[in-house]
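The block underneath contains the structure these notes are about, expressed in structure tokens.
Chains as they are written, first to last, in the working numbering: chain R, 1 to 265; chain E, 1001 to 1265.
Okay, here's the thing in structure tokens:
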């Protein structure tokens, strides 16, 4: 391939939620999704119908003439593909964790196209402001990927594989783990006939704060005040919730420790 | 006092952030803040100036003619007030944790006025949609408090002391603890020269999700997928962050356990 050539035809490897949202967004912006690959034909069929593309469940039938191959599969499956795929076009994966070089035997031109967002197949999402982290084997490939990314989003970041790993880690903390704190809150409230909705304004305020100040400066609550009396009462309330009780205890300790370390320095 | 009487004059006991925001909001809505009490005269002075009210640091000079006394002090300080205060007007505290009955010797009419929000003295806040949880010793007092609350907010909840404790606990999880997850994310990113801003769209999406679906249904990430390979890699990345590593390990375990329990049931 000529990396300078503008990307037109795209093969999507995968038919999960990232693959689906990405394929639909690319199609909407004028790219031609020529083929969808998935090991389970049902999901590939659905996505190929939605993108009017062919679908394959066997890489032997891969369209070898595409400009871009997007691998949006589980990390472990990507690793399985390594020896089975070799193409002329650019190959990218969409993983936050896998290094770029895992693709080096699949094409002379490869890279990473990592959209930093959570996708549910059922929930439509606009790509406009979704950060897309790019990495590429060479400048021409980077340019080609930048062109594609820029049609989808106004937030493009160049990132090496090391940095991308930390972004993924930070996303696990700030989204998956904080969501689990909502899980705890929702369960405690449900058991006492209180709607979770009562918390929404408070959660919104914390979200607003984090967009404009350092999270540690925004830290409030019994732990950072080291209010042992409230902490003891809340641990008592959690006696019927052993899983959340351990989490409460540990996070509270960490906040207290951090505060102490800070006041020493 | 006649509880049926509409509340006009308010004494604020406390000059911290809850006291400040509440006093200013009440004044804005036509209530007269007659006096501010605080043991430290500096903060009381500032608040009394902003509300054009008198300030006292000694309860001996308390205005005994006010309709409503709002105790917005630390829980431990509220407990110290018990034997020192007795008035004709309604007495309320603003605590999520303290039971209402702690006030029973201060007045014949007492209650709780608990605004479920996080307040920073420096950040202005609108009360319009802040949930206010009310509890009262009798119906007349409840009516009087409802009238005050309704001038501030459109979200009023009747709540007994038991439920209020669980709301406070849920708030600690969903706000203070999830904020600490942002602290972890911010530190990891900062150490790798990545701006926390890159996470904002993702955090916003999780916030949006939680307003419309059960948090457990919205749970994503390596833990709920039980992706041991990513979990191992991320624990490795956390080797320089022992405090966050322990939290990562514990929350991940709890999510995996919960998923297993659920699939069994």
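Backbone N, C-alpha and C define an ideal beta-carbon position, used for all residues, glycine too.
Proximity test, Cβ basis, 7 angstroms: residue i and chain R
i                      : result
residue 1015 (chain E) : no
residue 1101 (chain E) : no
residue 1080 (chain E) : no
residue 1183 (chain E) : yes
residue 1243 (chain E) : yes
residue 1205 (chain E) : yes
residue 1141 (chain E) : no
residue 1230 (chain E) : yes
residue 1173 (chain E) : yes
residue 1061 (chain E) : no
residue 1215 (chain E) : yes
residue 1115 (chain E) : no
Spatially closest choice to residue i from the options, by CA coordinates
i                      : options                        : result
residue 155 (chain R)  : R:130, R:35, R:179             : R:130
residue 157 (chain R)  : E:1094, E:1253, E:1032, E:1194 : E:1194
residue 1051 (chain E) : E:1066, E:1213, E:1031         : E:1031
residue 1172 (chain E) : R:248, R:165, R:35             : R:248
residue 969 (chain E)  : E:1221, E:1265, E:1090, E:1097 : Not covered by the structure: residue 969 (chain E). The range shown for chain E is 1001 to 1265.
residue 1025 (chain E) : E:1149, E:1100, E:1187         : E:1149
residue 120 (chain R)  : R:107, R:15, R:199             : R:15
residue 1139 (chain E) : E:1109, E:1243, E:1260, E:1098 : E:1109
residue 70 (chain R)   : R:45, R:43, R:38               : R:38
residue 236 (chain R)  : E:1188, E:1251, E:1245, E:1162 : E:1162
residue 1029 (chain E) : E:1080, E:1152, E:1007, E:1040 : E:1152
residue 1242 (chain E) : E:1187, E:1033, E:1260         : E:1187
residue 1079 (chain E) : R:146, R:253, R:230            : R:230
residue 226 (chain R)  : R:264, R:183, R:253, R:117     : R:253
Any chain E beta carbon closer than 7 angstroms to residue i
i                     : result
residue 189 (chain R) : yes
residue 94 (chain R)  : no
residue 19 (chain R)  : no
residue 218 (chain R) : yes
residue 261 (chain R) : no
residue 2 (chain R)   : With a pLDDT of only 47 at residue 2 (chain R), under the threshold of 50, the placement of this residue in the model should not be trusted; the figure read from the coordinates follows. No - not a single Cβ of chain E is within 7 angstroms of the one on residue 2 (chain R).
residue 8 (chain R)   : no
residue 211 (chain R) : yes
residue 239 (chain R) : no
residue 200 (chain R) : yes
residue 301 (chain R) : The structure shown does not extend to residue 301 (chain R), since chain R is modelled only from 1 to 265, so the question has no answer here.
residue 233 (chain R) : yes
residue 124 (chain R) : no
Residue i (DSSP reduced to helix, strand or coil)
i                      : result
residue 1185 (chain E) : helix
residue 179 (chain R)  : helix
residue 1035 (chain E) : strand
residue 1110 (chain E) : strand
residue 28 (chain R)   : helix
residue 1124 (chain E) : coil
residue 1 (chain R)    : Here the model assigns residue 1 (chain R) a pLDDT of 46, short of 50, so the residue's position is not dependable, and the following value carries that caveat. Residue state, collapsed to three classes: coil.
residue 15 (chain R)   : coil
residue 213 (chain R)  : coil
residue 68 (chain R)   : strand
residue 1101 (chain E) : helix
residue 1087 (chain E) : coil
Range of the contiguous alpha helix (DSSP H) that encloses residue i
i                      : result
residue 202 (chain R)  : 200 to 210
residue 1162 (chain E) : 1161 to 1171
residue 1231 (chain E) : 1228 to 1237
residue 1046 (chain E) : 1041 to 1050
residue 1075 (chain E) : 1075 to 1081
Inter-residue CB distance, residue i and residue j (contact presumed, cutoff 8 angstroms)
i                      : j                      : result
residue 175 (chain R)  : residue 1202 (chain E) : 6 angstroms
residue 47 (chain R)   : residue 72 (chain R)   : At roughly 10 angstroms, the Cβ-Cβ gap does not stay under 8 angstroms, so residue 47 (chain R) and residue 72 (chain R) are not in contact.
residue 1087 (chain E) : residue 1064 (chain E) : 6 angstroms
residue 67 (chain R)   : residue 105 (chain R)  : The Cβ separation is near 19 angstroms, so there is no contact.
residue 1213 (chain E) : residue 177 (chain R)  : Actually they are not in contact, since the Cβ atoms of residue 1213 (chain E) and residue 177 (chain R) sit about 18 angstroms apart, beyond 8 angstroms.
residue 1179 (chain E) : residue 206 (chain R)  : 6 angstroms
residue 218 (chain R)  : residue 209 (chain R)  : 4 angstroms
residue 1115 (chain E) : residue 1094 (chain E) : 7 angstroms
residue 59 (chain R)   : residue 84 (chain R)   : 5 angstroms
residue 92 (chain R)   : residue 145 (chain R)  : 7 angstroms
residue 1169 (chain E) : residue 234 (chain R)  : 5 angstroms
Opening and closing residue of the beta strand (DSSP E) in which residue i lies
i                      : result
residue 148 (chain R)  : It is not in any beta strand (DSSP E) - residue 148 (chain R) instead sits in the alpha helix (DSSP H) that spans 139 to 152.
residue 1248 (chain E) : No beta strand (DSSP E) contains residue 1248 (chain E), which is instead part of the alpha helix (DSSP H) from 1242 to 1264.
residue 1091 (chain E) : 1090 to 1093
residue 1136 (chain E) : 1132 to 1136
residue 56 (chain R)   : 54 to 56
residue 156 (chain R)  : 156 to 158
Neighbour list for residue i in chain B, Cβ cutoff strictly below 9 angstroms
i                      : result
residue 1257 (chain E) : Absent here is chain B; the protein component of the structure consists of chains R and E.
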